[in-house]
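Okay, structure first, notes after.
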Amino acid sequence: MSAATDRQPQRLTDMPGSRRASDVQRQADALLEQTEEVQGEQQAALETAPLASGYSVALAAQIEAKQDQAARIEDRLEGLIERQESQLMRIEARQPGLLALPGQRVRWQGQMQQQQALLQRLHTRLESVREIKDGMGVHAPRIEEMATRKLRAQQPELAEEWDEMREAARRHQVHMRKKEQERRQQIARERTDEGGQGIGRSRSLNLSQTPL
Numbered sequence: 003m004s005a006a007t008d009r010q011p012q013r014l015t016d017m018p019g020s021r022r023a024s025d026v027q028r029q030a031d032a033l034l035e036q037t038e039e040v041q042g043e044q045q046a047a048l049e050t051a052p053l054a055s056g057y058s059v060a061l062a063a064q065i066e067a068k069q070d071q072a073a074r075i076e077d078r079l080e081g082l083i084e085r086q087e088s089q090l091m092r093i094e095a096r097q098p099g100l101l102a103l104p105g106q107r108v109r110w111q112g113q114m115q116q117q118q119a120l121l122q123r124l125h126t127r128l129e130s131v132r133e134i135k136d137g138m139g140v141h142a143p144r145i146e147e148m149a150t151r152k153l154r155a156q157q158p159e160l161a162e163e164w165d166e167m168r169e170a171a172r173r174h175q176v177h178m179r180k181k182e183q184e185r186r187q188q189i190a191r192e193r194t195d196e197g198g199q200g201i202g203r204s205r206s207l208n209l210s211q212t213p214l
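The following block contains the structure:
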């Protein structure tokens, strides 16, 4: 066996250790990068905490105010409906008899229609108030959407800063997902390359061991 053939197994045995060192280094780099990213996220959270807290407190106050307002209107409408139903019953009790003049019956019917229409309007408004108080909007409860619009109108600077913070958080999430995807693709490529190199080394070893 030649001297070159004697050296070949030694070089092959060195390669796995070299690959392991490369894997360890790659994992260490990835862990360091993840640690730096976590630190960056924690710092960003600390910086945005006052803004998030201020916006949440302001929005909660507006929501509570809107809920109280809707509850007061609901109570008032329910009271008006009760009084209107009582009024309608009193008018109905004064229905003209069979011997009443035609004009009296016409006036009574007009009063009944008027009071019934008023009662219907009150019920419609009550349903609208309850829908606002308890219903859902496109993205959130309707009462919260109304409170958000009022907050933005009253404190536009706070709302603008809140929007900027949310947009920055969205971009950060997109960036992190992209980096994670790239990291996985890089690992897959390296494994594929290492697999190909292993096959090539195996063929070289077989050729070197084939008797001449």
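The opening residue of the sequence shown carries number 3 in the numbering used here; numbering runs sequentially from there. Ideal placement from N, C-alpha and C gives every residue a C-beta, glycine not left out.
Between residue 125 and residue 75, the CB-CB gap reaches or exceeds 8 Å.
The stretch 58–65 and the stretch 149–160 touch, with three or more beta-carbon pairs separated by less than 8 Å. Unbroken beta strand (DSSP E) runs of no fewer than 3 residues, entirely contained in the stretch 130–184, are not found. Within 10 angstroms of the beta-carbon of residue 79 lie 16 or more other beta-carbons, which makes it buried.
Residue nearest to residue 73 within the set 187, 133 and 173 is 133 (criterion: CA-CA distance).
Separation of residue 115 and residue 131 (C-alpha to C-alpha, rounded to the nearest whole angstrom) is 24 Å.
Cβ neighbours of residue 97 within its own chain (closer than 7 Å, five residues either side excluded): 110.
Contact check for residue 68 and residue 138: beta-carbon distance about 15 Å, past the 8 Å limit, so the pair fails to qualify. Annotation note: the stretch 48–135 contains no uninterrupted beta strand (DSSP E) run of length 3 or greater.
Sequence-distant partners of residue 93 (beyond 5 residues in either direction) whose C-beta falls short of 8 Å from its own C-beta, in its chain, are 110, 113, 114 and 117.
Non-local C-beta neighbours of residue 106 in its own chain, meaning closer than 6 Å and more than five positions away in sequence, comprise 98, ordered along the chain.
In this structure, the CA atom of residue 90 is about 21 Å from the CA atom of residue 100. In this structure, residue 128 and residue 56 do not form a Cβ contact; the two beta carbons are roughly 36 Å apart against a cut-off of 8 Å. The C-alpha of residue 53 lies about 25 Å from the C-alpha of residue 140. With respect to the 8 Å criterion, residue 120 and residue 87 are not classified as neighbours on the basis of their beta carbons.
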